[in-house]
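> Right, I'll just put the structure down here and ask away after.
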Amino acid sequence: MVRFILVAVVLLFTTEMALAVNAPKLPVNARKLTGAEIVALYGVGSFRFHNFTGKQSVTGTFRVNFTKKTASGTFVDGKGKGTWSGTVRISGDRFCRKISKRREGCVSVYVDGTTIYEVNGSGVVESRNSR
């Protein structure tokens, strides 16, 4: 039983690291945004994203509507391209989104110049975004 738990823990950590292997590091000078600053930033215009959470990176566009608590956009990955939609909310100083039937994920949002970084609770950059 102890071996099984040890193997499960090792797989969990190596899988998370493998999935984020291409993720950029958060720049030292990046500034963490408050919930209100996230709404002000993402609430206007459309954005490009480069997501690093899967086995292959995904790129695309998105637009957020905090009034309707929705987000939508386009994507391109190793399997093809398409459109997506989901729900969004702010929880304290975190941006939370639920896309399709996936579990909701919340991230901290940082800005360094014109680049936006979405960082998970483990400190790993999940997405690098720009206008």
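Residue 510 is where the sequence shown starts when you use our numbering, and the numbers rise one by one after that. Think of the CB as a built atom: it goes at the ideal place given N, C-alpha and C, for glycine as much as any other residue. No experiment lies behind these values; they were computed from the predicted model shown.
1. Would DSSP call V548 helix, strand or coil?
2. For A532, is the classification buried or exposed, using 16 other Cβ atoms within 10 angstroms of its Cβ as the cut-off for buried?
3. Based on Cα-Cα distance, which residue from N629, N538, F584 lies nearest to C605?
4. Is DSSP giving S581 helix, strand or coil here?
5. Does DSSP classify D621 as helix, strand or coil?
In short, the structure shows the following:
1. Three-state result, V548: helix.
2. With 16 or more Cβ atoms within 10 Å of its Cβ, A532 is classed as buried.
3. N629
4. strand
5. strand
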